[in-house]
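Enquirer: Residue numbering for the sequence shown is 1 to 122, as defined by the numbering used here.
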Amino acid sequence: MRGTDLNMIERPYDGCGKCLLGVRRLSRMKLATSSPERQREDVLTAAASVGGHIIGWADDWEVSGATDPMTRPKLGPWLRDERGPYDGLVAAAVDRLGRNVVDCLNTGYKMRDEGKLLVTYG
């Protein structure tokens, strides 16, 4: 998918069943390997690979991976259904969703139980 116009993958919620929330997180903004730009590209590529599009971003910058996804400042309100409809989450990698297996599994089970998608690039 790289090399395509990934900007076309961002558009409002339309009820198509593949309206995805882009999830990005960095503990420290200085981390070059997981830069916001790199995560954005990976999220857009992953969304395109499943025929989805990004309706919004839950960007938790300067937030530790040890923070429970449900209480993260930007992602938490979406997971608690306080931000509007969405059909799933897409992240650059599993470790952007949570630091440990329990957090990632809990988020995955929540998505499954609600009939939502969970997509990662790597």
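Glycine is no exception: its CB is placed at the ideal position from the N, C-alpha and C atoms.
Rounding to the nearest angstrom, what Cα-Cα distance links leucine 20 and glycine 88 in this structure?
Expert: On the sequence shown, residue 20 is found 20 positions in, with the first residue counted as 1. On the sequence shown, residue 88 is found 88 positions in, with the first residue counted as 1. Roughly 5 Å separates the two Cα atoms.
Enquirer: Rounded to a whole number of angstroms, what is the C-alpha to C-alpha distance between threonine 71 and isoleucine 54?
Expert: The residue labelled residue 71 in the question sits at position 71 within the sequence shown. The residue labelled residue 54 in the question sits at position 54 within the sequence shown. The straight-line gap from Cα to Cα measures roughly 22 Å.
Enquirer: Taking C-alpha atoms, which residue in Gly98, Tyr86 and Pro85 lies nearest to glycine 65?
Expert: The count along the sequence shown starts at 1 and reaches residue 65 at position 65. Taking only the C-alpha atoms, the option nearest glycine 65 is Gly98.
Enquirer: Taking buried to mean at least 16 other C-beta atoms within 10 Å of its own C-beta, is aspartate 42 buried or exposed?
Expert: Residue numbering aside, residue 42 sits at position 42 when the sequence shown is read from its first letter. Classification of aspartate 42: buried, given that the 10 Å Cβ count is 16 or more.
Enquirer: Ignore the nearest five residues each way along the sequence and tell me which others in alanine 92's own chain have a CB closer than 6 Å to its CB.
Expert: Reading the sequence shown from its first residue, position 92 is the one you call residue 92. Gln39, Asp42, Val43 and Tyr121.
Enquirer: Three-state secondary structure (DSSP) at glutamate 82?
Expert: Position 82 of the sequence shown, counted from the first residue, corresponds to residue 82. It is coil, neither helix nor strand.
Enquirer: Closest by CA to alanine 46, which one among Asp14, Lys18 and Val90?
Expert: Here residue 46 is taken as the residue at index 46 of the sequence shown, counted from 1. Among Asp14, Lys18 and Val90, the Cα nearest to that of alanine 46 belongs to Val90.
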